[in-house]
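Okay, so here's the structure we're looking at.
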Amino acid sequence: MSYQRDIVTFSDFLNLNEQNMVNSMNFHDLGVIAEFFGGYENAERQMVAFHPDALMFPWEYPIDCLKIEPKAIKFSEELTHRDYLGAILNLGVERSVVGDILVQEKAAWVFCLRKMTGFFLENLCRVRHTTVLVSKAEGHGELPTPHYQEINGTCASVRLDSMIALAFNTSRSSMVSFIEGGLVFVNGRLVTSNGYEPKEGDIISVRGKGRFLYDGISRQTKKGRYSVRLLRYI
42 MSYQRDIVTF SDFLNLNEQN MVNSMNFHDL GVIAEFFGGY ENAERQMVAF HPDALMFPWE
102 YPIDCLKIEP KAIKFSEELT HRDYLGAILN LGVERSVVGD ILVQEKAAWV FCLRKMTGFF
162 LENLCRVRHT TVLVSKAEGH GELPTPHYQE INGTCASVRL DSMIALAFNT SRSSMVSFIE
222 GGLVFVNGRL VTSNGYEPKE GDIISVRGKG RFLYDGISRQ TKKGRYSVRL LRYI
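Heads up: take any position in the sequence shown, counting from 1, add 41, and you land on our numbering.
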């Protein structure tokens, strides 16, 4: 459709498995480019834009960011990502219309399809027992900055299994089933090789564990081991 009509078309928000499916396809032969974006840098759930490679006019992703905050902070609960997501899905919408949810203290920022913005503004009024106000965030300047746990350690080689074991404080052998079981993604691409070598700046996601950024090698020890730095999302 994108190629034939010379237009930009968009998917809904895709999870890591779905992103990997798109990444495994070759759209260049169709004269189409596929680009990913989730509303902010390094988003986990992302939308795909398909556009002709010779497209000349500007376009933007149909993504809005909504801020959810308690109507009365004094009577608000400590709400988690699961609480916000549950309240949204209880409105009867599909998970694919919602992207990442960023939670910080007494507020949350939700990325959604633009066509759903009015619905959420009108209908999302309670999260658990807390009455909330929903507003459209016009700029991303107020978005919470990601919080990281800095992890430093050494390994014999810069391999995927070593990085994951270090990030989640476990053994390399225990991570083999995660990698071979299709639960590990590097920048949205499924990786099933234990010996895969991540590059500096790669974001590695492990289903059921979390995700982290590989920040590179800081030095090599006298014994030939590599001292690496990871930033785990918290």
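Using N, Cα and C, we set each Cβ at its ideal position, and we do this for glycine too.
Model, not experiment: these values are computed from the prediction.
Asked, Found
"Check whether V99 and L154 have beta carbons under 9 Å apart", "Before going further, note that residue 99 is Pro rather than Val in the sequence given. No, the Cβ-Cβ distance between P99 and L154 is not below 9 Å."
"Whole-Å CB distance - Y267 paired with T158, under 8 Å assumed", "Contact doesn't hold; Cβ gap of about 47 Å is too wide."
"Simplified DSSP assignment, three categories, for A208", "helix"
"Whole-Å CB distance - D124 paired with V168, under 8 Å assumed", "5 Å"
"Same chain, Cβ closer than 6 Å to V316, neighbours up to 5 away in sequence not counted", "The displayed coordinates of the chain run from 42 to 275. Any statement about residue 316 would go beyond what the structure contains."
"Alpha carbon of R46 to alpha carbon of F91, nearest angstrom", "12 Å"
"Beta-bridge pairing of R167 - partner residues as DSSP gives them", "T172"
"Reduced DSSP secondary structure (H/G/I, E/B, other) of A178", "coil"
"Three-state secondary structure (DSSP) of M42", "coil"
"Own chain residues within Cβ distance below 7 Å of N83, not counting five before or after", "I244"
"Contacts around T233, its chain only, beta-carbon distance under 8 Å, and the 5 residues preceding and following it disregarded", "I220, E221, G223, V225"
"Three or more C-beta pairs below 8 Å linking the region 189-206 and the region 129-146", "no"
"For T172, the nearest candidate out of L96, Q87, I109, L207 (CA to CA)", "I109"
"Residue environment, F116, which counts as buried when at least 16 other CB atoms sit within 10 Å", "exposed"
"A148 versus G265 - alpha carbon distance", "46 Å"
"Cβ-Cβ separation, S246 to L57 (assumed contact under 8 Å), whole Å", "6 Å"
"Inter-residue Cα distance where the pair is G140 and V269", "31 Å"
"One or two residues paired with Q145 in a DSSP bridge", "A148"
"8 Å contact criterion, which E59 and R252 should meet: CB distance rounded", "Rounded, the Cβ-Cβ distance is 16 Å, inconsistent with contact."
"Spatial distance of L55 from K263 (CA atoms)", "45 Å"
"Beta-carbon gap between D53 and V73 smaller than 9 Å", "no"
"Neighbourhood of M42 by C-beta distance below 6 Å, restricted to the same chain and skipping five residues each side", "T50"
"A128 versus L165 - alpha carbon distance", "8 Å"
"Cβ neighbour criterion (16 or more within 10 Å) applied to Q87", "buried"
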